[in-house]
Structure formats: structure tokens, C-alpha cells
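2 protein chains.
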Amino acid sequence: MDRLLQLEVFSKTAELGSLSKAAETLRMSNAAASRHLSALEERLAVRLIERNTRRQWLTEAGHEFLQRCSTLLNELAEAEGAVSDRALSPNGMLRVTSSLSFAMIYLAPMLPAFRALYPKLSVQIIAANRYPDFIEAGIDVAIRTREQEPDSSIVVRRIGQMRRVLAAAPAYLARRGRPEHPADLARHDMLIYNHANDPYSLRLSKGSAAETVRIAPTLDSNDGQVIRAAALAGLGILIQPLYIVQGDILAGQLMPLLVDWELPLLTMNIAYQNRVRLPAKIRVFSDFLVNHIREHSHARIWMDATRQTTHTPSNSGRSIRKQNP
Amino acid sequence: MDRLLQLEVFSKTAELGSLSKAAETLRMSNAAASRHLSALEERLAVRLIERNTRRQWLTEAGHEFLQRCSTLLNELAEAEGAVSDRALSPNGMLRVTSSLSFAMIYLAPMLPAFRALYPKLSVQIIAANRYPDFIEAGIDVAIRTREQEPDSSIVVRRIGQMRRVLAAAPAYLARRGRPEHPADLARHDMLIYNHANDPYSLRLSKGSAAETVRIAPTLDSNDGQVIRAAALAGLGILIQPLYIVQGDILAGQLMPLLVDWELPLLTMNIAYQNRVRLPAKIRVFSDFLVNHIREHSHARIWMDATRQTTHTPSNSGRSIRKQNP
DNA sequence: GTCTCTTTTCCGCCTAGTGCAAAAATGGAC
DNA sequence: GTCCATTTTTGCACTAGGCGGAAAAGAGAC
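Chain order of the listed sequences is A and B.
Convert by adding 6 to the 1-based position in the first sequence; the result is the number in the working numbering.
Convert by adding 6 to the 1-based position in the second sequence; the result is the number in the working numbering.
Below, the structure written as C-alpha cells:
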């Protein structure tokens, strides 16, 4: 028997002065209400409501207990309401990790709008060019270019696909000449972003023609800004998402190369741990980011994004460490 | 499902860091504990404890809810404990009514010893020479001489039987002569206590002889002290419980009459409303009074009392008015 | 990959809780 | 005193739901 319901029957009976009315209010039969109240009195070994078929009144014990259990029922309702509400109204701290470039160019600029929508939610951006372990780093959300996670409990959701470009400084081109064909790249100094899929094999296509070039990196890094700085210094030809170097190109400090050829797109994903009930903050952030990218995307940087979860493991899958309370 | 048990499972799991340990502590199976916790999370629509088979930790919502429900569980245990304790440790106010004489001679003198035993219980003695309605007067206990109650919900329990005496002032006897035989009483001025059974018919016995005398009261009253005062003033012959006039007789102010003859005993009862669970204060007071009378009775005043409830109606019988909270 | 241990879920059983209706009680009207 | 309407309590039959055991699933240690 639900002991809370016993307290509710007692409280409501005292309030309304009638077991029958309490039963009606609590949507149960008179018999059930009578049994709940009797069970409570038996458990406490005391008569709480002295009553007959015509009248009833609280005993002294009943008076005292009523005050206490009314308070308790209110507090419980408030506690349960508060905790249910927080599932709908995200608050606390959200920890996001992404590349430095993505953080600078996309995450930071969009935060004011996000915070305006969710004032109780703090966002901490961890710019990292390695993939930290979710658990160890306390990461809620990661923006990543890789499409698969070794951890089966991580959900990967596509944000979109980005164009990439080949570009070099004018000084480099003056010194080493300009590549006219994809095959020429094999003889050039290449600056590679090693977090891309198969970064040392480059596939370019023009119309129906396609060429795959194996390149030997002069420098490879997991940091887009490092690669950008090296290219600006004339150390070689970079291949990077357009969003990172668009400003340099417009300023004439980097010259785009083989612009008639198309490079493979870079898929950008958001990843988070799958949970029985996804915390609201992760849900709202993901939705906001995807929508923000979609609304502010330029065709030259982003291809049309499709909302798609590429991998959803079973609900019981977890890979997490017990935290000290 | 017992919602309080759900809270207990959650609280204990958080405390011990393991559903299995919580189950063991709460003496239930692992399966049951798992279901209770899941049911609570479903009811609140939020994950309280993130967990897998190897580790678990509180979510933010879980942290907040744990603080609140730990408090609630403690408060409820305290409330239930307090109300159960009061059933064992009577407190509050007990209202007792009796005749003025009984109050002065028996109740008041025994109160110090009673209060020493039950310091939290206040006793209010309502000296009355009429029988007030239990409900209207808020009476808990009544000391009465009548043996039956019109209200079937009232329990009557015998305290004992008291000797009665005939006595008159010397001045009256000098003026009117001394009755030598019960029949002589018919020619005397009689002072009658009208709360006795059949107060106008007097049956006296000596050995195997018995005489019944019909007497016409010069004065009758429901107050023993009024009758006593009239006798002391020489207005007539009284018949009263010995305990009321013993002091006057010893002082020579009243002369006992027809002392070889025995008068009918006066039955003294305690009465209270029958209840499913008799409030502790009524129970302890009744027991104390009966035991006190037994221990301090003098053969000359009390005959041996027998513990006996003369009428116990069915438990559902009540005659009470709903009180405003 | 195997082992161990915990959590979750399935299954069959059983009991506790249900509503209905009758019994009992109560108080007001007459 | 009797009748009536209404409430509380209790008996009864039924079933929904909660149980424990065991299997399934998962996770970390080795």
C-alpha cells in the first residue's frame, strides 16, 4: 500500500471533514479511503481521526500529525516539481570541446544568442586539438570531424559538411611554382590536418574525372591554426576547411589553388554520451548549434546539412566512472 | 507501489553507491530495488542516478532531489515517531468531572502522585453535581454513582462500593428524639442525596432481618456538601457516603444512628466514551484512580472493589459531534 | 577473450489492493 | 419510537501489480 497515499487520504479527510469527500477528491472508492486511513492509524498505533457515520474530529495526535504531514506533502510536491521542471528548463554547466578554429569562428560568436535563450545554463568551451575522453574530462558535448567513436555509448550526430581548399602563400608559389594538375601536388610541400579521414590520400574530382594523389606531408598537425600559420609563412600548400582561411584568401595572403577541382567534404559532427534520458542542456545545445549552422551557413563554406544520427547504441550502454558525491 | 519506498531506495542507493547494497539494506531483491528506482525516475521524468553495471553517480537533478528527499524522509520518520510516542506517553489535557465531595476528598489529594507519574498530562477537575453531557462539556472521564448511561457509547467501569451512614446533629436529636428502629425514620426530617438509586426508599438490614422504609425528604439535593451543611445545622437526618461525613462524626458534630443496621452500598463508577483506541490519558487515569482507591481504601468506607466493566457497546458505537479544527 | 559482479528485464506466482455491495451506525425529521 | 438518508466499515470475489528467481546484458579487471 502506498504510504504517501495514506498520508494524502488522512490530510484530505481532515481538510474536507469527510472520508467520502476525500475519496471522491482522490478518485478512489469510500472503502479504499477507509482502509488507507485505518492502515495509517494502525501503523502509527494511534487514532488520528475520531469518527462515526455522522461526524468526525481530529484527535490531539491527529492535530499534531496533520501539521507535520501537510508540510511534508507540500515539500515533496515541491521537490518533485522542481526536479521535473529542471528537466525542461536546463541549467548548470555544459562543457563543450571542439577544435580551436571551430570554437573561435563558430562557437564563441553564437554563445550570446544561446545564453539569451538559456540564461541559467553556463557553457564552458574547451578548445582542444586532441579528442579528450568524455568521462575523464567531464565533457558533455564534443564537436568532431571523425565519424565514428570507439566508445559505443557515444552518439554522433551530423552537423554538416564543409568545403575544403588548397592554398599557399604567393612567396611559396614564386619559389616553387604553381601546381596545374592534382598530380603536381606530389612534388609540393604539403601541410596536412591529421584529424581528417585518411589525411595522406587526396582525392580530387572535376566533372566525371577523378584523381587520387598520395601526398607526403612536410608538416602535419592537429591544429588548424598551426597549419594556417605555416602556410602564411610560405612553408607549403595547405588543405583546410574554407571557413578557417577564407579571411586570408580575401586578404590576398593565401592564393587558392586548383579551384576547378573539388576536394572531399569535411564532415562535422556533434557527439555526446547516450543516456536513458538525455539531459536537457545537451539536447537544447545540439539543436541550437545545428539550427545556427543551418541558418548562418554560406554555400561556399557549408554544403546542406542533414539532421542525422549516424549511430545509436542500445540504451543500456554506458562507459562512465562513478563520481564522488 | 509504495512511493515512500521509492524515495528510500533512491536515498539509500545514493548513500551506498550501489543498488545491490541498497536492496540488501532495505531487505528486498535487486530486481525490486531496480524497479523502485526506475519507477521514481519515470514518475519524475528525469534520471536521478546515472549508472551501469560497474559504476554510478548522481546527476545534477539527482543531487538536488537527494537533499530534499533525505530531509523529507527524516521529517516523516520524526513525525511518525512523535505521534506513536504520544500514544505511549500521554500528554495534553484530561477533563474529569465528579461530585464536589469526591473531588475534594479523593481526586484533588491524589493528583500530585498522578502528576508525578505523568508530568506532561494536565488534569482539569470539573466539580459538578449534575451529569454534564460528555460531548458538550468536552468531558473525558466522569466519576458517577449511577450505573447505567443513556448513551450507549459510554463505558461504565466500577471503581468500588461505598458504605453509607445515617447521622444527625445532637441538637436535632435533643429536639426530636433518637430513632430506635428503621420504621422510626418515617417520622423524622430526612435529608436526601437525590443522585442515588431510588433515593426515597431506604432498605436497611440487620442479620437476616430487612426493612424497607419509605421516607419523605425535608430537603433533597444533588450536592453532598449542601446535605452535610443542613445536617450540621440540625435540620434533619442525613444518609450519605461515610467518606463525606467521617470527619464530622469523629468531631462529635454529627451522631451516627441505627449503627447496627446496614444500608445499601453506593456504587461508584468511572465512565468514558468508548473508542477504537482508547486515548492513553483516559486509560492511565482510570487505572490510577482504581488502583489508588484500592490501595487507600478503608474497610469502613469502601467495600472490596472489583474491576468490572458493566457495559461495553460495539466498537463502532459513537455519540459525538464533529469539532471545528 | 574470459571471468566476475552488478544492473536490468522476463516470467510465473501469489498476494495485496481494488470496487461493489451489504452491514452497521448515526442523526435528523416526523 | 420509527423511518430515512447518508456515511463509515467490512466481507467478498476478482485482478492488477509487486514479488523473487533467474536469465540477459553490460562493464571493468586481468
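Beta carbons: idealized from backbone N, C-alpha and C, even for Gly.
None of these values were measured; they are calculated from a predicted model.
Distance between B/VAL219 and B/GLN252, taken at the CA atoms: about 24 Å.
Using a CB distance cut-off of 9 Å, A/ASN280 does not count as an interface residue toward chain B. By alpha-carbon distance to A/GLY242, the top candidate from A/ALA216, A/PRO223, A/ILE250, A/VAL89 is A/PRO223. Check the Cα spacing between A/ASN97 and each of A/GLU81, A/MET110, A/GLN130: the tightest is with A/GLN130.
For A/ALA133, the enclosing beta strand (DSSP E) has its first and last residue at 127-133. Apart from sequence neighbours up to five positions away, the residues of its chain that approach A/ASP195 with a beta-carbon distance below 6 Å are THR224, GLY242, ordered along the chain. Beta bridge pairing from DSSP links A/ILE288 with no other residue. The alpha-carbon of B/LEU82 is positioned some 21 Å away from that of B/ALA29. Contact check for A/LEU260 and A/ALA177: beta-carbon distance about 11 Å, past the 8 Å limit, so the pair fails to qualify. A residue is called buried when at least 16 other Cβ atoms come within 10 angstroms of its Cβ; A/GLN279 meets this threshold and is buried.
Between B/ASP229 and B/SER105, the CB-CB gap stays under 9 Å. Relative to A/VAL171, the option among A/VAL162, A/LEU248, A/LEU210 whose CA is nearest is A/LEU248.
In terms of beta-carbon proximity, B/GLY98 lines the interface with chain A, with at least one pair separated by less than 9 Å. The beta carbon of B/ASP190 does not come within 9 Å of any beta carbon belonging to chain A, so the residue lies off that interface.
In the assembly as shown, B/SER292 is a buried residue. Its beta-carbon has 16 or more other beta-carbons within 10 Å. Judged by beta-carbon spacing, A/ILE276 lies within the 9 Å limit of A/ALA148, meaning their Cβ atoms are closer than that value. Nearest C-alpha to A/ALA239 among A/ARG289, A/PHE108, A/ALA175: A/ALA175. In the displayed model, A/MET196 falls within a strand according to three-state DSSP. Between the C-alpha atoms of B/ARG164 and B/THR273 there is a straight-line separation of about 7 Å. Bridge partners of A/VAL219 according to DSSP: A/LEU208. At the C-beta level, A/ARG61 and B/GLU86 stay beyond 9 Å of one another. When the beta-carbon positions are compared, B/LEU100 and B/LEU79 stay at least 9 Å from each other. Contact between the region 11-28 of chain B and the region 39-48 of chain B is established, with three or more Cβ pairs separated by less than 8 Å. When rounded, the separation of the alpha-carbon atoms in A/LEU263 and A/ARG182 is 13 Å. Contact annotation for B/LEU78 against chain A: LEU78, GLU81, LEU82, ALA85 [CB-CB distance below 9 Å, chain order]. In this model, B/LEU22 and A/ASP146 are separated by some 26 Å (Cα to Cα).
B/THR31 sits in a helix when the DSSP states are folded into three classes.
Just measuring C-alpha positions, the residue of A/ARG33, A/ASP8, A/LYS212 sitting nearest A/PRO188 is A/LYS212. With fewer than 16 other Cβ atoms from the protein chains shown falling within 10 Å of its own Cβ, B/GLY258 counts as exposed. A check of alpha carbon separations from A/THR19 across A/VAL52, A/ARG300, A/ILE245, A/ARG57 identifies A/ARG57 as the nearest. Non-local C-beta neighbours of A/LEU197 in its own chain, meaning closer than 6 Å and more than five positions away in sequence, comprise LEU225, ILE233, ALA236, ALA237, GLY242, LEU244, ordered along the chain.
Close partners of A/MET7 in chain B (Cβ separation under 8 Å): ASP8. Excluding sequence positions up to five before and after A/PHE71, its CB lies within less than 7 Å of the CB of LEU54, all in the same chain and listed in chain order. Shown here for A/GLU268: same chain residues with a beta carbon closer than 6 Å to its own, the five before and five after excluded, namely SER211 in chain order.
When the alpha-carbon of A/ARG300 is set against those of A/SER35, A/VAL89, A/GLY68, A/MET116, the nearest one is in A/MET116.
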